[in-house]
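*Asks:* Quick one: structure below, then a few questions.
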Amino acid sequence: DSGVTQTPKHLITATGQRVTLRCSPRSGDLSVYWYQQSLDQGLQFLIQYYNGEERAKGNILERFSAQQFPDLHSELNLSSLELGDSALYFCASSVTFRTYNEQFFGPGTRLTVL
Amino acid sequence: GENVEQHPSTLSVQEGDSAVIKCTYSDSASNYFPWYKQELGKRPQLIIDIRSNVGEKKDQRIAVTLNKTAKHFSLHITETQPEDSAVYFCAAKSQISNFGNEKLTFGTGTRLTIIP
């Protein structure tokens, strides 16, 4: 157990809908990262937050947004869902944003868009 | 931006033999290279990492080598065991802005199968 929690574990929804994925980082970690893992594309970095502020952005679609709250938990919002958004979404956390800080991954949320 | 290529995509080795997974990266400024292991249905977990100022690092049966000139790094697993069966991802950390923002770029993964 990495100490990072994610809810829900599974999510099944329809195209056009909106969902929210939640992540709680390890105790003491200030940085949160979101990744998308599709079958054919490996782990894609979406976005990073540090102590409530957006720190780095990857290949995140405009239909997706995220935030980190004062208690350091983070939410990833996915809207106008398409079939291609079906994937495993991982959250990871680290102590800070420093280069050598290990990222600890949560168990993931499996999103299925029908 | 950074591009990480990983080979092979699948690898089967006899139990007890060695396994080698290779990655190349494109951004010469990348300075941190972690390797993650992901068992079926589970989260990625860091197994070893190497910094750009080091050429080799070893941890029991696992070793990683880095060739900065050629921009490639490799994972070596010796005396493989059935529990080594998993998907392995290499990654490279690179700067994506002038403000010190960095991101991890992952390879596409290698599915390693240990044959008993």
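The listed protein sequences correspond, in order, to chains A and B. All residue numbers for the first sequence refer to this note's numbering, where the first residue is -2 and numbers rise by one. All residue numbers for the second sequence refer to this note's numbering, where the first residue is 18 and numbers rise by one. Every residue, glycine too, gets a C-beta built ideally from N, C-alpha and C.
#1: Our contact map puts Ala109 (chain B) next to Glu19 (chain B) with C-beta atoms below 8 Å; I'd like the distance itself, whole angstroms only.
#2: Name, going along the chain, the residues of the segment 42 to 62 of chain A whose beta-carbon falls closer than 9 Å to a beta-carbon of chain B.
#3: Can you give me the C-alpha to C-alpha distance between Phe94 (chain A) and Tyr47 (chain A), rounded to a whole angstrom?
#4: Return the Cβ separation of Cys40 (chain B) and Gly126 (chain B) in integer angstroms, given the expectation that the two are a contact with Cβ distance under 8 Å.
#5: Return the Cβ separation of Ser69 (chain B) and Lys88 (chain B) in integer angstroms, given the expectation that the two are a contact with Cβ distance under 8 Å.
#6: Under 7 Å: does the beta carbon of Gln55 (chain B) sit that close to some heavy atom of the ligand FMN?
#7: Does the CB of Gly126 (chain B) have a neighbour CB from chain A at under 8 Å?
#8: In the DSSP assignment, find the beta strand (DSSP E) that holds Tyr105 (chain B) and state where it starts and stops.
#9: Starting from Pro25 (chain B), find everything on chain A with Cβ-Cβ shorter than 7 Å and list it in chain order.
#10: Going by CA-CA distance only, name the one from A:Lys6, A:Val29 and A:Ala11 that's closest to Val92 (chain A).
#11: Run through the DSSP bridge pairs and tell me what Val37 (chain B) is partnered with.
#12: Where does Pro5 (chain A) fall in DSSP's three states?
#13: Take the Cβ of Lys54 (chain B) as the centre, count every other Cβ of all protein chains shown within 10 Å, and call the residue buried at 16 or more, exposed below.
#14: Identify the residues that DSSP records as bridge partners of Asn74 (chain A): which are they?
#15: Output, in chain order, the set of chain A residues within a Cβ distance shorter than 9 Å of Lys120 (chain B).
#16: Starting from Ser71 (chain A), find everything on chain B with Cβ-Cβ shorter than 8 Å and list it in chain order.
*Replies:* Quick answer:
#1: In this structure Ala109 (chain B) is in contact with Glu19 (chain B), their Cβ atoms being roughly 6 Å apart against a cut-off of 8 Å.
#2: From the segment 42 to 62 of chain A, only Phe42, Gln45, Arg52, Ala53, Lys54 and Gly55 have a Cβ closer than 9 Å to chain B.
#3: 7 Å
#4: So it is not a contact: roughly 10 Å between Cβ atoms.
#5: With a Cβ gap of about 11 Å, Ser69 (chain B) and Lys88 (chain B) do not count as contacting.
#6: In terms of ligand content, the structure shown is empty, and the ligand FMN therefore cannot be addressed.
#7: yes
#8: Segment Ala103 to Gln112, the beta strand (DSSP E) holding Tyr105 (chain B).
#9: Taking a Cβ-Cβ threshold of 7 Å, none of the residues of chain A is close to Pro25 (chain B); the smallest such distance is about 14 Å.
#10: A:Val29
#11: B:His93
#12: It is coil, neither helix nor strand.
#13: So Lys54 (chain B) ends up on the buried side.
#14: A:Thr17 and A:Ser62
#15: Tyr30, Phe42, Gln45, Ala53, Lys54 and Gly55
#16: By Cβ distance, chain B contributes nothing, its closest Cβ being about 16 Å from Ser71 (chain A), past 8 Å.
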